[in-house]
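**Student:** Counting from 1, position 85 in the sequence shown corresponds to residue 85 in the UniProt record's numbering; the numbering is continuous, with no gaps. Positions of the beta carbon are idealized from the N, C-alpha and C atoms, including for glycine. Nothing here was measured: the structure is a model prediction, and the numbers come from that model.
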Amino acid sequence: MVHQPSGGFQGQATDIMLHAQEILNLKKRLNEIYVKHTGQTYKAIEDALERDKFLTAEMARDFGIVDKVIDKRSEDPAAAAKTGVT
């Protein structure tokens, strides 16, 4: 699942506004990081993170969030040691 940053704050209105601005700044920065690492456009990232988005392993790979999907564990301990998958 991917989603935009969230938070819960209480206090005076001006404090809440400051926290809201910080969350918006963080959202922008996270979107930029996703753009850099996924190859998606800023708009695609913004749309995807607007609400909770549940992805299968294959969808995450196609979106660029993960590099590969491992179907099953390796039977060969030497191969598992090379890939780091056990």
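To which residues does DSSP link Lys-53 through a beta bridge?
**Tutor:** Locating residue 53 in the sequence shown gives position 53, counting from the first residue. Lys-53 pairs with Val-2.
**Student:** By Cβ distance below 8 Å, which residues in the same chain neighbour Gln-10 in space, the five residues on each side in sequence not counted?
**Tutor:** In the sequence shown, counting from the first residue as 1, residue 10 sits at position 10. Cβ within range, chain order: Ile-16.
**Student:** Taking all protein chains shown into account, do 16 or more other C-beta atoms lie within 10 angstroms of the C-beta of Asn-25, making it buried, or fewer, making it exposed?
**Tutor:** In the sequence shown, residue 25 corresponds to position 25, counting from 1. Looking at its Cβ environment, which holds fewer than 16 other Cβ atoms inside 10 Å, Asn-25 is exposed.
**Student:** Pick from Glu-58, Pro-77, Ala-81: whose alpha carbon is nearest that of Asp-71?
**Tutor:** The residue you call residue 71 lines up with position 71 of the sequence shown. The candidate whose alpha carbon is nearest that of Asp-71 is Glu-58.
**Student:** Report the rounded CA-to-CA distance for His-3 versus Lys-27, giving the unit in angstroms.
**Tutor:** The residue given as residue 3 occupies position 3 in the sequence shown. The residue given as residue 27 occupies position 27 in the sequence shown. Roughly 10 Å separates the two Cα atoms.
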